[in-house]
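Structure first, commentary second.
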Amino acid sequence: MSSEKTPHPVWQYFRYDRETDKSHCLVLNCLTKPFEKRHSGNVLQHLERYHKEQFNVVKAALLKRKQDQDDKKAPPPKKRKVEQIINVKMDSRLLMDACVSLVAISGMPLRLMRDPGMRMIINPILKGLKNSVAISPKTVADEIKRKAEDLRKVLRKEFENRLICIKLDGAKRLSRSVVGINVQFIENGKVQLRNLATVELKERQTGLALKKIVENTADEFGIRLRNLYSATTDNGANVLLAIRLLAAEQEQTVEVLTDDDVVAGGKTFIINILIDI
Ligand SMILES: [Zn+2]
Numbered sequence: 358m359s360s361e362k363t364p365h366p367v368w369q370y371f372r373y374d375r376e377t378d379k380s381h382c383l384v385l386n387c388l389t390k391p392f393e394k395r396h397s398g399n400v401l402q403h404l405e406r407y408h409k410e411q412f413n414v415v416k417a418a419l420l421k422r423k424q425d426q427d428d429k430k431a432p433p434p435k436k437r438k439v440e441q442i443i444n445v446k447m448d449s450r451l452l453m454d455a456c457v458s459l460v461a462i463s464g465m466p467l468r469l470m471r472d473p474g475m476r477m478i479i480n481p482i483l484k485g486l487k488n489s490v491a492i493s494p495k496t497v498a499d500e501i502k503r504k505a506e507d508l509r510k511v512l513r514k515e516f517e518n519r520l521i522c523i524k525l526d527g528a529k530r531l532s533r534s535v536v537g538i539n540v541q542f543i544e545n546g547k548v549q550l551r552n553l554a555t556v557e558l559k560e561r562q563t564g565l566a567l568k569k570i571v572e573n574t575a576d577e578f579g580i581r582l583r584n585l586y587s588a589t590t591d592n593g594a595n596v597l598l599a600i601r602l603l604a605a606e607q608e609q610t611v612e613v614l615t616d617d618d619v620v621a622g623g624k625t626f627i628i629n630i631l632i633d634i
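Heads up: the sequence shown begins at 358 in the numbering used here, then just goes up one per residue.
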């Protein structure tokens, strides 16, 4: 298993010229001189220093490659004599739902589905089900996508022709900052809250980039921005800017109230987007 078989992922950003024996950086607008020879280490260093985004892509690819290699190295489960034959209530639906729950709710990695121990449990069940379902990282991922799309359909129906309040709730964990895109609406006299998306805020995320994220999310759920009538956030200036931009585009008047009473302990901005109903 030599590492020469698959090229180092760093080479998606460099081109090696055999004639001049030099490697050229392909990142847009990079003005650096070509590098001598074809050294993955040297060009990787360049990425790390000057192109953080591309460097992170390469780092993730390397990590994945290592994981795949480790998975391959794991010994196959030993054939063991089974002492007991049992009858259990199980069908292909329940088995798939359990696997989806492990990943989507409990946060286990998809590769758990090919974990040797997991296969010791799953394979006999699959045999009992006469292989009417396939369990693999791919089939479980597909099922999660399908279920998410079903849920989106239900939510789209809920949002139809309703006035919507959007809430952008920020949270900080260690050095990472995420913002939840939530919406509120009134149904049968009760306030309903739905989470649409959770987005990690990169350090340099501008109001404009955030606006795009909110727009795309709204679009995904069939929320027409005309139906937005207020936005609430406890987050920073970039989130505020995103909402102002959104409202401006709808030619709605924006009124920003900074209200410390609304949420105890945190500063909350209430942005009323005044629309004609
Ligand atoms: Zn470069």
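Glycine residues also receive a C-beta, built at the ideal position from the N, C-alpha and C atoms. All values derive from a computational prediction rather than experimental measurement.
Leaving aside the five residues that flank Asn552 on each side, the residues in its chain whose CB is nearer than 7 Å to its CB run, in chain order, Gly537, Asn539. Residue environment: Val511 is assigned as exposed (fewer than 16 neighbouring CB atoms within 10 Å of its CB, all protein chains considered). What you get when you keep residues with a C-beta closer than 6 Å to any heavy atom of ligand 1 is Cys382, Val384, Cys387, Thr389, His403, Tyr407, His408.
The C-alpha of Gln402 is placed about 14 Å away from the C-alpha of Lys390. For the pair Asp507 and Asp374, the Cα-to-Cα distance works out to about 50 Å. Setting aside the 5 residues that flank it on each side, Met470 is surrounded in the same chain by Cys456, Ile492, Ser493, Pro494, Val497, each with a C-beta closer than 7 Å to its C-beta; the list follows chain order. The C-alpha of Ile580 lies about 13 Å from the C-alpha of Leu603.
DSSP places His365 in the coil class of the three-state scheme, outside both helix and strand. If you ignore the 5 residues before and after Lys568, its C-beta comes within less than 6 Å of the C-beta of Ala599, Leu602, Leu603, all in its own chain and listed in chain order. Ala554 sits in a strand when the DSSP states are folded into three classes. For Glu393, the beta-bridge partners assigned by DSSP are Lys379. A Cβ-Cβ contact shorter than 8 Å links Arg372 with His381. Judged by their CB atoms, Phe578 and Arg513 are nearer to each other than the 8 Å cut-off.
Distance from the CA atom of Ser489 to the CA atom of Asp428, rounded to whole angstroms, is 26 Å. Contact annotation: Tyr370 and Leu404 have beta-carbon atoms nearer than 8 Å.
Taking C-beta atoms as the reference points, Val535 and Gln541 fail to come closer than 8 Å. About 5 Å separates the Cβ atoms of Leu486 and Ser449, confirming a contact at the 8 Å cut-off. Rounded to the nearest whole angstrom, the CA to CA distance from Gly464 to Lys394 is 43 Å.
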